[in-house]
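Visitor: Numbering (my numbering), first residue to last: 93 to 231. For each residue, glycine too, the CB sits at the ideal point set by N, CA and C. Since the structure is predicted, the reported quantities are computational estimates derived from the model, not experimental observations.
Here you go:
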């Protein structure tokens, strides 16, 4: 038995408890062990494919379920399988589209900041690049 084998056995055993899921995954053609989770401001996803000897971990600093989709697609990409390409929207949303998202929203008393309120306003920005700078501006 190789030195790596006991670790593999431990990983498979630990995947069957404490929030882990096990299912036959048609996309990968094998058993998949996976878990996702979120907490205010964070999200994560882990998938382990034992036959393919592939494990993907995705961590995010936003509260979004995108980590699951990203994790499955990274696993597919690493195994040479099809995946859905991410397409950035070419044109920013119009003022009318943005207005549909505006308002003041209140979280419940069980939220980590009880009864917190979030106000969303709409404005159409010019072409901004990374870190909030205009893409065509100088430093």
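(1) What number of angstroms, rounded off, separates the C-alpha of residue 209 from the C-alpha of residue 132?
(2) What runs of the beta strand (DSSP E), each 3 residues or longer, lie entirely inside the segment 133-218?
(3) Ends of the beta strand (DSSP E) at residue 114?
(4) On the three-state DSSP scale, how would you describe residue 121?
(5) Is it the case that the Cβ atoms of residue 159 and residue 143 are separated by a distance below 9 Å?
(6) With burial defined as no fewer than 16 other Cβ atoms inside 10 Å of the residue's Cβ, what is the status of residue 172: buried or exposed?
(7) Find the nearest neighbour of residue 188 within the set 130, 204, 214, judged by alpha-carbon distance.
Guide: To lay it out plainly:
(1) Working through the chain shown from its first residue, we reach residue 209 at position 117. Working through the chain shown from its first residue, we reach residue 132 at position 40. Between the alpha carbons of residue 209 and residue 132 lies a gap of roughly 14 Å.
(2) Counting whole runs of 3 or more residues, the segment 133-218 contains the beta strand (DSSP E) stretches 134-141, 146-152, 195-198, 209-212.
(3) Taking the first residue of the chain shown as position 1, residue 114 is located at position 22. Note, residue 114: beta strand (DSSP E), 113-117.
(4) Within the chain shown, the letter at position 29 stands for residue 121. For residue 121, the secondary structure class from DSSP, reduced to helix, strand or coil, is coil.
(5) For the purposes of this step, residue 159 is identified with residue 67 of the chain shown, where counting begins at 1. For the purposes of this step, residue 143 is identified with residue 51 of the chain shown, where counting begins at 1. Going by C-beta atoms, residue 159 is not nearer than 9 Å to residue 143.
(6) Here residue 172 is taken as the residue at index 80 of the chain shown, counted from 1. With fewer than 16 Cβ atoms within 10 Å of its Cβ, residue 172 is classed as exposed.
(7) In the chain shown, counting from the first residue as 1, residue 188 sits at position 96. Comparing alpha-carbon positions, the option among 130, 204, 214 lying closest to residue 188 turns out to be 214.
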